[in-house]
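First comes the structure, then the notes that go with it.
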Amino acid sequence: MSSLKLPARLRMDGARATWAQMSPALRAEAAQVLAAAGREVRLSAAELTDFDSSALSLLLSAARQCSEQGATLKLADAPEKLRELARVYGVAELLWPATAAA
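Residue numbering for the sequence shown follows the working numbering, beginning at 912 and increasing consecutively.
Here you go:
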């Protein structure tokens, strides 16, 4: 099980630093998942409570990075407000493909 987690706070002023820390860990996790014949890299959003639209940008970058490596990002435990923000911006189907129609 992956130990990748989003921080509790993810706003514009800290998004670049968060991505700089998260990107190498995400790349390593994807490589490990693929080496074990897996396809999904799990990222927990359970601790995320304070965020803005930059969180969506970071998540889309994470999904793209996983895809480039041949894996799929699975965002787990996302707060409802994050899901709603993704719907408003029209990117929910990119972050939660199976539940976008629900």
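Ideal Cβ placement from N, Cα and C applies to all residues, glycine included.
On a predicted model such as this, the values are computed, not experimentally measured, just so you know.
- With a contact defined as Cβ atoms closer than 8 Å, Arg-950 and Ala-987 miss out at about 15 Å.
- Rounded to whole angstroms, the gap between the alpha carbons of Ser-968 and Ser-934 is 13 Å.
- Boundaries of the alpha helix (DSSP H) harbouring Leu-1005: 1003–1006, taken from the DSSP string.
- Contiguous beta strand (DSSP E) elements confined to the stretch 933–971 occur at 951–955, taking only those with 3 or more residues.
- According to DSSP, residue pairing for Thr-983 in a beta bridge involves Glu-951.
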